[in-house]
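Okay, so here's the structure we're looking at.
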Amino acid sequence: MSKSFQHLFPSSYELCYLNHAAMAPWSTLVSEAVAAFAQENAVIGARDYHLWMQRETELRQRFAALLNAQADDIALLKNTTEGLCVVAQGLPWQAGDNIVIPDCEFPSNHLPWATLQSQGVELRCIDVHVENPEQALQNACDQRTRLLAVSAIQYADGLRLHLDKLGAFCKASDILFCVDAIQQVGMLPVDVHACQIDFLSADAHKWMLGPEGLAVFYTHPDVRGNLQLRQSGWRQMDNPFQFQRDSWEPSDSARRFEAGSPNMLGIVATHAALGLLLDIGMQTVAEQAMANANYLRDQLAQRDTVELMGSTAPERCSAIVNFRPRKVLPSTLYRDLRKADVITALRGEGLRLSPHFYQNTDVLDTALQQIDRILAGGH
Ligand SMILES: Cc1ncc(COP(=O)(O)O)c(C=O)c1O
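Numbering-wise, my numbering comes out as the position in the sequence shown, counting from 1, plus 8.
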């Protein structure tokens, strides 16, 4: 029997919250850290700013621990999209270059590359819902491919790509490898070194159980300098508080991507959120999140009222489960579940359920009972 962490999440007593792939509820650790920070700001302002900066440093270390990176490789940006835009707008593109992406990406990992088409860069969108998605992506690359950009896990149906295979291919082919990891960091371990990732971006508000507006942006030191900086400011220097100086060289570290004052409120919340994940350990978190998702998948597969969407191959599955009711519209089921306090999302062709590690089976059973009741025409 795995340890329960449900008591740390007050939402567990209000709702069946199966929507971590959109936005997570906060634990009491996060809400208490934010409340304490609000109180501190009200009472003593930024008197102890040096302690805030210590927490900021610790947050970089926590992100680095989660990704198997170094703290110097971590920039704190405002969302996943911003990190991907730093790459798209920073690389020196030439007309005739091409970028390869899956054809089902969330807009964050499509639009930053699509805008480069006006510079003559070709965007190749590849079907990854095939037997060997990594091979399909590789087959789309050629001599002019500069970048392969994928979501680690697809947002709609939870399809998981083998990042290690893609990274090895990119390395051997001299192609840059960029990962939108918002649907994986905090759900399953991520290892930027093992997967030879050049750039990675992920906001904290999903599986990391943090707030919106604070994202990790990882850059490998060997390619960081390839990104031309599109923003300039005092914070991107080493020793940023030295305001009088002869030279204004941005830091070699990933802090070069942070131009101005940090999102301290977001840092407080994310610091607390990652503290929980690291204390428990990503292996345990991943096992429990997957056990919950697999339970939902197994239970839904036994019902003839619904059809499971997406791959069921274990190495392709994640904690995102997508299914479609056979006799009513997904939107009808979504609406009725919401009325019964079961929070899901409409994504792709079906309903997306995304449980996290801390939830007990009784929450999942309640959701399944409500699905059965609604599909049986119950009121
Ligand atoms: C794969 C993926 N990328 C990015 C985002 C969101 O990006 P941002 O953090 O910029 O809001 C989402 C949100 O649903 C997503 O599923």
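Even glycine gets a Cβ: it sits at the ideal position worked out from N, Cα and C.
Residue i, DSSP secondary structure in three states
i: residue 2; result: For residue 2 there is no data in the structure shown, the boundaries of the chain being 9 and 387.
i: residue 110; result: strand
i: residue 360; result: strand
i: residue 211; result: strand
i: residue 254; result: coil
i: residue 243; result: helix
i: residue 196; result: coil
i: residue 259; result: coil
i: residue 238; result: coil
i: residue 369; result: helix
i: residue 117; result: helix
i: residue 323; result: helix
i: residue 216; result: coil
i: residue 269; result: coil
i: residue 102; result: coil
i: residue 248; result: coil
i: residue 276; result: helix
i: residue 4; result: This structure cannot speak to residue 4, because the chain is shown only from 9 to 387.
i: residue 375; result: helix
i: residue 204; result: coil
i: residue 383; result: helix
Residue i - partner residues in DSSP beta bridges
i: residue 314; result: 333
i: residue 82; result: 226
i: residue 188; result: 159 and 209
i: residue 392; result: Summary: the structure shown does not reach residue 392, with the chain confined to residues 9 through 387, and so no result is reported for it.
i: residue 355; result: 358
Practice task
Kindly confirm or deny that the segment 277–297 and the segment 196–212 touch, where touching means at least three C-beta pairs closer than 8 angstroms.
Solution key: yes
Practice task
Only counting runs of 3 or more residues, tell me where the beta strand (DSSP E) segments fall wholly within the segment 129–184, in order along the chain.
Solution key: 130–134 and 153–159
Problem - At least three beta-carbon pairs within less than 8 angstroms, the segment 220–233 to the segment 50–61 - result: no
Exercise for the section: Mind listing, in chain order, the continuous alpha helix (DSSP H) runs of no fewer than 4 residues lying wholly within the segment 278–317? Expected result: 290–309
Handout entry: Minimum length 4: unbroken alpha helix (DSSP H) runs contained in the segment 55–99
Key = 57–75 and 88–98
Practice task
With a floor of 4 residues, list each alpha helix (DSSP H) that falls wholly inside the segment 9–55, ordered by position along the chain.
Solution key: 36–52
Exercise for the section: Tell me, please, whether the segment 301–309 touches the segment 93–108 by the rule of three or more beta-carbon pairs shorter than 8 angstroms. Expected result: no
Problem - At least three beta-carbon pairs within less than 8 angstroms, the segment 21–34 to the segment 207–216 - result: yes
Practice task
Assess, as a yes-or-no matter, whether the segment 84–97 is touched by the segment 114–121 under the definition of 3 or more beta carbon pairs within less than 8 angstroms.
Solution key: yes
Handout entry: Touching by the beta-carbon criterion (3+ pairs, under 8 angstroms), the segment 155–174 and the segment 352–361
Key = yes
Handout entry: the segment 173–188 in contact with the segment 331–338 per 3-pair CB rule at 8 angstroms
Key = no
Exercise for the section: Specify whether the segment 77–87 and the segment 104–112 touch according to this definition: at least 3 beta carbon pairs, one from each stretch, less than 8 angstroms apart. Expected result: no
Practice task
Evaluate contact between the segment 266–276 and the segment 168–177, counting only Cβ atoms and requiring at least three cross-stretch pairs below 8 angstroms.
Solution key: no
Practice task
Spell out a yes or no on whether the segment 12–23 and the segment 247–254 are touching, meaning 3 or more CB-CB pairs, one atom from each, closer than 8 angstroms.
Solution key: no
Handout entry: Touch test, the segment 216–225 against the segment 143–157, Cβ-Cβ under 8 angstroms, three pairs minimum
Key = no
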